[in-house]
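The next block holds one structure in the form of structure tokens; read it before the comments.
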Amino acid sequence: GAGVSQSPSNKVTEKGKDVELRCDPISGHTALYWYRQSLGQGLEFLIYFQGNSAPDKSGLPSDRFSAERTGGSVSTLTIQRTQQEDSAVYLCASSSYLDEQYFGPGTRLTVT
Amino acid sequence: AQSVTQLGSHVSVSEGALVLLRCNYSSSVPPYLFWYVQYPNKGLQLLLKYTSAATLVKGINGFEAEFKKSETSFHLTKPSAHMSDAAEYFCAVRTGGGNKLTFGTGTQLKVEL
């Protein structure tokens with residue numbers, strides 16, 4: 026079946042602009058996660074959605090970062106007023122409750 | 009808080025040689041541990057997971073890992089390396105009350121002829 030998909034695969038933006046990254050999880054998965062992979066910080070957890078529960082936002086690095094999950098399916102990660110340090114690969118994953126996570130191919134964000 | 013440490017950011021082995029990638033964990037509760045592999049410009053793929061059922065865990069592509077509580081280790085091994093094993097490998101631990109993962113810093117495996 027279809028895996029986790031992410032779009033766009035690459036995004037180049039100017040410092041100060043807002044960007045939206047999209048994640049389509051595996052159908053039926055109740056949990057969705059965002060991680061960030063950067064040279065300086067490695068792989069970091071950002072945010073976690075589980076069903077209808079309030080999301081775990083404990084990994085968001087600043088209030089410029091936000092995410093929503095509509096209808097328990099697609100998720101959008103928004104970064105406002107992008108900074109150069111936001112340049113990274115943003116990975117999305119989904120899972121059944123407490124089960125193994127399946128990762129998408131990522132979105133490579135470059136802030137110039 | 010749970011965490012994992014991967015020793016060696018780069019490991020190089022000859023084709024056909026033993027692969028050993030090290031991971032040590034820190035956890036005050038029985039940990040759920042994972043090994044993921046990442047090929048260039050790809051997402052992460054689960055190799056294997058430890059969920060306290062058995063200490064020796066077998067995964068895909070001939071990899072296995074042994075959970076050793078006395079050593080707080082969960083090292084990844086493969087008896088005979090293949091060129092296609094060249095990739096970056098991440099050890100991870102489930103963190104907190106949910107299912108989020110905390111990753112190690114990764115080990116880049118190089119396989120030479």
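So the sequences go chain by chain: E and L.
When you line the first sequence up against this note's numbering, it's residues 26 to 137, in that order.
When you line the second sequence up against this note's numbering, it's residues 9 to 121, in that order.
Where is the CB? At the ideal position from N, CA and C, for every residue including glycine.
Item: Buried or exposed: which applies to residue 93(L), given that a residue is buried once 16 or more other Cβ atoms fall within 10 Å of its Cβ?; Value: buried
Item: Here's the rule: buried if 16 or more other CB atoms are within 10 angstroms of the residue's CB, otherwise exposed. What is residue 87(L)?; Value: exposed
Item: Compile a chain-ordered list of the residues in the segment 123–135 of chain E whose CB is closer than 8 Å to at least one CB of chain L.; Value: 123, 124, 125, 126, 127, 128, 129, 130, 131
Item: With residue 89(E) as the anchor, note down where its beta strand (DSSP E) starts and where it stops.; Value: Element bounds for residue 89(E): n/a, residue is neither H nor E.
Item: Report the three-state DSSP secondary structure of residue 67(E) (helix, strand or coil).; Value: strand
Item: Which residues does DSSP list as the beta-bridge partners of residue 97(L)?; Value: 45(L), 115(L)
Item: Which residues does DSSP list as the beta-bridge partners of residue 85(L)?; Value: 28(L), 72(L)
Item: Where does residue 75(E) sit, in a helix, a strand or coil, going by DSSP?; Value: strand
Item: Relative to the C-alpha of residue 96(E), which residue among 131(E), 45(E), 57(E) is closest?; Value: 57(E)
Item: Pull up the distance between the alpha-carbon of residue 113(L) and that of residue 29(L), whole angstroms please.; Value: 12 Å
Item: Answer with buried or exposed for residue 111(E), where buried requires no fewer than 16 other C-beta atoms within 10 angstroms of its C-beta.; Value: buried
Item: Going straight from the alpha carbon of residue 108(L) to that of residue 133(E), what length do you get?; Value: 21 Å
Item: Beta-carbon within less than 6 Å of residue 32(L)'s beta-carbon, same chain only, minus the 5 sequence neighbours each way: which residues are those?; Value: 13, 80, 81
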